[in-house]
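Sequential numbering from 35 applies to the sequence shown in this note's numbering.
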Amino acid sequence: MSIKGLKGFKDILPAEVGIWQRIESSARALFHRYGFAEIRVPILEQTGLFLRSIGETTDIVEKEMYTFTDKNGDSVTLRPEGTAPVLRAFVEHNLHLLQPIQRLYTIGPMFRHERPQKGRLRQFHQMSVEVLGSEEPLVDAELMAMAWQLMQELGLTVSLEINSLGCPQCRPAYNQALRDFIDARSDKLCEDCQRRRQTNPLRVLDCKNAGCQEQYQGVPELPDFLCADCRTHFEAVQLLLGLLGVPFKLNAFMVRGLDYYTRTTFELITGDLGAQSAVGAGGRYDGLVAQLGGPKISGIGFAVGMERLTLLLEQSQGLQADSGTDIFIVALGEAARNRAIKLSQECRSAGRAVLMDPAGRSMKAQMKQADKFGARFTLILGEDELQRGVAILRDMASKEQLEMPLDDELASILANHVTAVINS
Ligand code: HAM
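Rendered as structure tokens:
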């Protein structure tokens, strides 16, 4: 019996890779325009990093982490998200000493043992972005503007929802108001909500149980409990989003699934992915760097889920396979074949994608292969052409044929010709 891939772990096949590359190159170019530099961090970290940052009573830490004991007895975890590893590296390498504000991004796989469904995998990929070193509202607004612009440049329609989760000064009062509200109807709530009342009251607002949602009608709203500083900060963020031309909606019930957030939180929401509506999400985490042993530095970031982006792009624009072969060289007879092998290498050095039939079969079989590889041109070189000192270039789209002198200049002439046709 053949061995299959693991449930929730997806192969990204060549036909899909074009979209992934397009997303990554658009994102890298855009992040650069906003002053971000790439950082690459390991996939495996000490488990304690995630317990301390994401929070011990979150779904991720309670149920979803791939945690195991390493051969030397250490508890290690496949990273479920990118923020904690980037901050760990930031602290470990004292990056705050290099620049007053660090803007970092990382792209790669994350692991959560969730129930797989459309847009939800166990190995998924994030583009994760962090700004460290400023609590100014402009940083929040610019970051959301960048996330928004990424969606625009990819041609996707999403909505930006924002909230403020307050700070350690004002959040306890809201938590208490929530507990009181829950107490008044605890017999009608699910077990999870009753448990969360103790451990993590904010999370009850995210409960999917319809009965609980009914009970939460009229629940106190967090923005009403913000302290003066958090309120001023949130108002400034909204004003700046307006200045930057980014439309947004307030969502007082967006609580996020990770414990490290303070003040601004946001999500990029789509209606086109069924239950998995968040294409990207993030927020401010002003206490997290210090919590991980670093200096008292504010931070904010977001991550976009690349599988969700690719699904949306496939739905709206179809698959975009990587561009195919430029020239397929059809060679007949040993002498022509040897000349063609040399020519193929010269054309590749001149920057074109070139293939040949390794077995050197009949003309018909080679032309069939050229078709299969989606070649834009075929170059035909038989014994007759060799004797006449020419090669025949056939445009596979227009079927026009052109005789070209078989001399030392052929590779560069071919490369220029193909470039001109492709760009026309
Ligand atoms: P998150 O909301 O857990 O935040 O994940 C961010 C995005 O990753 C989601 O909006 C979604 O698009 C994608 N995602 C999450 N889980 C899955 C999954 N199982 N399958 C497919 N896609 C998924 C974070 O991870 C934070 N670290 C974001 C952040 C960065 N906050 C500040 N800086």
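The C-beta atom is built at its ideal place from N, Cα and C for all residues, glycine as well.
**OP:** Please specify which runs of the alpha helix (DSSP H), each continuous and at least 4 residues long, are wholly inside the region 344-401, giving them in chain order.
**Re:** The DSSP assignment places complete alpha helix (DSSP H) segments of no fewer than 4 residues inside the region 344-401 at 368-383, in order along the chain.
Original post:
alpha helix (DSSP H) containing residue 267: first to last residue?
Top reply: Residue 267 -> alpha helix (DSSP H) spans 262-277.
**OP:** Please find out if some non-hydrogen atom of the ligand HAM comes closer than 7 angstroms to the beta-carbon of residue 296.
**Re:** No, the beta carbon of residue 296 sits no closer than 7 angstroms to any heavy atom of the ligand HAM.
Original post:
For the ligand HAM, is there a heavy atom less than 7 angstroms away from the beta-carbon of residue 342?
Top reply: Relative to the non-hydrogen atoms of the ligand HAM, the Cβ of residue 342 comes within a distance shorter than 7 angstroms of at least one.
Original post:
Does the count of Cβ pairs from the region 346-354 and the region 316-331 closer than 8 angstroms reach three?
Top reply: Cβ pair count under 8 angstroms is below three, so no.
Subject >> Identity of the residue in 176, 116, 170, 284 nearest residue 157 by Cα >> reply: The shortest Cα separation from residue 157 among 176, 116, 170, 284 belongs to 116.
Original post:
Does any heavy atom of the ligand HAM sit closer than 7 angstroms to the C-beta of residue 165?
Top reply: Flag unset: Cβ of residue 165 not near the ligand HAM.
Original post:
Which residues bound the alpha helix (DSSP H) around residue 25?
Top reply: Outside the modelled stretch of the chain, which goes from 35 to 458, sits residue 25, for which no answer is possible.
Original post:
By the 10 Å Cβ neighbour count, where 16 or more other Cβ atoms means buried, how is residue 360 classified, buried or exposed?
Top reply: Buried is the call here.
Subject >> residue 144 - partner residues in DSSP beta bridges >> reply: Beta-bridge pairing links residue 144 to 158.
Original post:
Whose C-beta lies closer than 7 angstroms to the C-beta of residue 400 among residues of the same chain, with five residues either side of it excluded?
Top reply: In its chain, beyond the 5 residues on either side, 364, 391 have a beta carbon closer than 7 angstroms to the beta carbon of residue 400.
Original post:
Would a C-beta distance cut-off of 8 angstroms place residue 425 and residue 413 closer than the cut-off?
Top reply: When the beta-carbon positions are compared, residue 425 and residue 413 come within less than 8 angstroms of each other.
Original post:
Which value, in whole angstroms, describes the spacing of the CA atoms of residue 194 and residue 256?
Top reply: CA-to-CA, the gap between residue 194 and residue 256 works out to about 18 angstroms.
Original post:
Does the Cβ of residue 88 have 16 or more other Cβ atoms within 10 Å, making it buried, or fewer, making it exposed?
Top reply: Buried.
Subject >> Burial state of residue 114, where buried means 16 or more other Cβ atoms lie within 10 Å >> reply: Label assigned to residue 114: buried.
Original post:
What is the DSSP secondary structure of residue 292, counted as helix, strand or coil?
Top reply: The three-state reading of DSSP puts residue 292 in coil, since its state is none of H, G, I, E or B.
Original post:
When DSSP labels each residue in this structure, what does residue 302 get in the three-state scheme?
Top reply: Looking at residue 302 - three-state DSSP - the assignment turns out to be strand.
Original post:
Taking residue 66 as the reference, which of 180, 225, 53 has the closest Cα?
Top reply: 180 is the residue among 180, 225, 53 whose C-alpha sits nearest the C-alpha of residue 66.
Original post:
Which term fits residue 140, buried or exposed, when burial requires 16 or more other beta carbons within 10 angstroms of its beta carbon?
Top reply: It is buried - the Cβ of residue 140 has at least 16 other Cβ atoms within 10 Å.
**OP:** Below 6 angstroms CB to CB, which residues in the same chain sit around residue 91 once its five sequence neighbours on both sides are set aside?
**Re:** Same-chain partners within the cutoff: 233, 234.
Original post:
Is residue 160 near the ligand HAM, in the sense that its beta carbon is under 7 angstroms from a heavy atom of that ligand?
Top reply: For the ligand HAM, at least one heavy atom lies less than 7 angstroms from the Cβ of residue 160.
Subject >> For residue 133, three-class secondary structure by DSSP >> reply: Of the three classes helix, strand and coil, the one that applies to residue 133 here is coil, per DSSP.
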